[in-house]
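Okay, so the sequence shown: first residue is 16 according to my numbering, each after it adds one.
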Amino acid sequence: MFDIGMGEVGLIAVVALLVLGPERLPGAARTAGALLRRARASWQNVQQEIERELAAEELKRNLQQTAAQIDPSADIKAAVREATEAAAQDTRNEQH
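Shown next as structure tokens:
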């Protein structure tokens, strides 16, 4: 996540020890760890929610595409047109 080397972590630890002192450092480290865990959990929840939304949108899109592909209205119109033409042809044949 952060590009921090071991030397930098050591320097941060020494500065924290000097600033906070040996009595308050363990409590501060626990608090920092808890806040980091909470932030990571929140970020994971956001990621999961986004993934669910994307999956739902993809599913909707797939359903719409499938519904468009199996729409029988074009076939029905063609069959009605053919039947009308056939009936008109029969009527012309009977008149002759």
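From the three backbone atoms N, C-alpha and C, an ideal C-beta is built for every residue, glycine too.
Remember, it's a predicted structure, so these values are computed and weren't measured experimentally.
Quiz item: In whole angstroms, what separates the C-alpha of A39 from that of L32?
Solution: This sequence places Arg at residue 39; Ala is not what is there. Taking the CA atoms as reference points, R39 sits about 9 Å from L32.
Quiz item: Cβ of A28 within 8 Å of Cβ of L35?
Solution: no
Quiz prompt | Unbroken alpha helix (DSSP H) run spanning G25, endpoints | solution = 21-84
Exercise. Compute the Euclidean distance between the alpha carbons of N77 and A56, then round it to the nearest angstrom.
Key: 31 Å
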